[in-house]
Amino acid sequence: MLKHVVGDYRDVFAELLRLAAERLEYVFGYRLAELEPKSHTYILVNTLEPVEEDAEVRGDQGTPTTGLLMTLLGLIFMKGNAVKETEVWDFLRRLGVHPTKKHLIFGDPKKLITEDFVRQRYLDYRRIPHTDPVDYEFQWGPRTSLETSKMKVLKFVAKVHNQDPKDWPAQYCEALADEEARWRRAARGGRRSRGRLHARPSPATRRSVPVSRSRKQ
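Quick note: the sequence shown uses UniProt numbering, first residue 1, plus one each step.
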């Protein structure tokens, strides 16, 4: 981006990025979110009203893989935010999804889960140290926390089981704490945005400021 878009204006890149992010959110309803500060990886997150929760449960949000992804996110959350790969496949086999068999809807399930969802940053897939034979585990990826929340995933799990989210007290308390933390971050971000808007004078104001010049006597 610095090389091909900004060019000679690298010194003001941060300000240009901030202005572009404001336009994206105010005009198109997309928030520019940084996935990884070290690599400066960004994604666009839809800030408009979400679809109905019933559609989420049916997997009608876009592609058929959404339902599988939500199922995995729910399993990870309910298992304490990390789950072994062996447990994932034991669970999915009961749903008719096998790691070594091509699926009618999902194609190659192992590739979809361990490569595609990982590349899209919905899942983190890492080796568990000191395991023999070697085992891996799944956790939520950084994109998941930007596009959904623990409360939404818990509600998804509850609807699948025809229960109430409060039927899982530990997860419900964790989801409530996550909602409160999100609200606080949003409030802080809102105050910073308002502060920047008030601090930046309008073009009309800038033009109206008189410029005094010293005159030789």
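Ideal placement from N, C-alpha and C gives every residue a C-beta, glycine not left out.
Item: So the candidates are Gln171, Tyr136, Thr66; which of them puts its Cα closest to the Cα of Met151?; Value: Gln171
Item: Which word fits Val134, buried or exposed, when buried means at least 16 other C-beta atoms lie within 10 angstroms of its C-beta?; Value: exposed
Item: Between the alpha carbons of Leu32 and Gly67, how many angstroms are there, rounded?; Value: 25 Å
Item: Considering only the beta carbon of each residue, do Ile113 and Leu72 sit closer than 8 Å?; Value: yes
Item: Using only the alpha-carbon positions, how far apart do Glu179 and Ser145 sit?; Value: 11 Å
Item: Quick one, which of Ala20, Gln139, Tyr42 has its alpha-carbon nearest Val118's?; Value: Gln139
Item: What does the alpha-carbon distance come out to for the pair Met70 and Val157?; Value: 9 Å
Item: Taking just the CA atoms, how far does Arg143 sit from Glu56?; Value: Here the model assigns Glu56 a pLDDT of 39, short of 50, so the residue's position is not dependable, and the following value carries that caveat. Taking the straight line from one Cα to the other gives about 17 Å.
Item: Could you check if Val88 is buried or exposed, using at least 16 other CB atoms within 10 Å of its CB as the buried criterion?; Value: buried
Item: Near Pro64, what residues of its chain come up, given a Cβ to Cβ distance below 6 Å and the 5 sequence neighbours on each side ignored?; Value: Ile105
Item: Over the uninterrupted beta strand (DSSP E) stretch that includes Trp168, give me the two end residues.; Value: Careful: Trp168 lies outside any beta strand (DSSP E) and carries neither H nor E.
Item: What residue range is occupied by the uninterrupted beta strand (DSSP E) comprising Phe106?; Value: That residue, Phe106, is in no beta strand (DSSP E); it is neither H nor E in DSSP.
Item: In the DSSP assignment, what are the bridge partners of Ala186?; Value: Beta-bridge pairing links Ala186 to no other residue.
Item: Would Val85 and Glu137 be called neighbours here (beta carbons separated by less than 8 Å)?; Value: According to the sequence shown, residue 85 is Glu rather than Val. Contact: yes.
Item: In angstroms with no decimal places, state the Cα-to-Cα distance between residue 218 and Leu19.; Value: The structure shown does not extend to residue 218, since the chain is modelled only from 1 through 217, so no value can be given for it.
Item: Using beta-carbon positions only, say whether Leu123 and Gly141 come within less than 8 Å of one another.; Value: yes
Item: Going by DSSP, what residue range makes up the alpha helix (DSSP H) through Leu146?; Value: 142-147
Item: Identify whether Leu176 lies in helix, strand or coil by the three-state DSSP scheme.; Value: helix
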